[in-house]
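If you read the sequence shown in full-length UniProt numbering, its first letter stands for residue 1, the second for the next number, and so on. Structure, as structure tokens:
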Amino acid sequence: MPLINCPNCGKDISEQSYSCMHCGFTIKERPIKDAEEKLVQKSGYSNAKNSGLDYSRIGKISIAIGCIIWLVELIRLFIGMCSYRNEEVYIAILNAVYFVGWTIMGGSLILAGIFAMIYGRLQEK
1 MPLINCPNCG
11 KDISEQSYSC
21 MHCGFTIKER
31 PIKDAEEKLV
41 QKSGYSNAKN
51 SGLDYSRIGK
61 ISIAIGCIIW
71 LVELIRLFIG
81 MCSYRNEEVY
91 IAILNAVYFV
101 GWTIMGGSLI
111 LAGIFAMIYG
121 RLQEK
């Protein structure tokens, strides 16, 4: 491997170096853009704009399903709470825990829908 002199400090460095290892002077620019383009081509990665997915529609469906889950669980909780007697407190507690789990799932669907809609809008630009 042939050596060249650094234009800044004059020490020997490899002619394939992009910068001097002694002083840090940049000898030549790294071909980063070309390498990135080759990696994208080799990986087969397609841009989200070309994927054909309608993120706005997916987001709306996700929000609708999340809202339906919330409404069903609220109605079920209130109907269930009205029908309990004092000796069935443990059943009420179990149903409340069940309600919290379904509410978290519904809320997660709503948030995922909002993020999908935002992502879809950003991809349109």
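Using N, Cα and C, we set each Cβ at its ideal position, and we do this for glycine too.
For Ala-116, the closest of Gln-16, Ser-19, Arg-57, Cys-9 by C-alpha to C-alpha distance is Arg-57. In the structure shown, Ile-68 falls within a helical segment according to DSSP collapsed to helix, strand and coil. For Ser-14, the enclosing beta strand (DSSP E) begins and ends at 12-14. Of Ala-64, Tyr-55, Lys-60, Tyr-98, the smallest CA-CA separation from Leu-74 is found for Tyr-98. In the displayed model, Ser-17 falls within coil according to three-state DSSP, outside both helix and strand. Under the three-state reduction of DSSP output, Leu-53 falls in the coil class, being neither helix nor strand.
Ile-27 sits in coil when the DSSP states are folded into three classes, being neither helix nor strand. Annotated three-state conformation of Asn-95 is helix, per DSSP.
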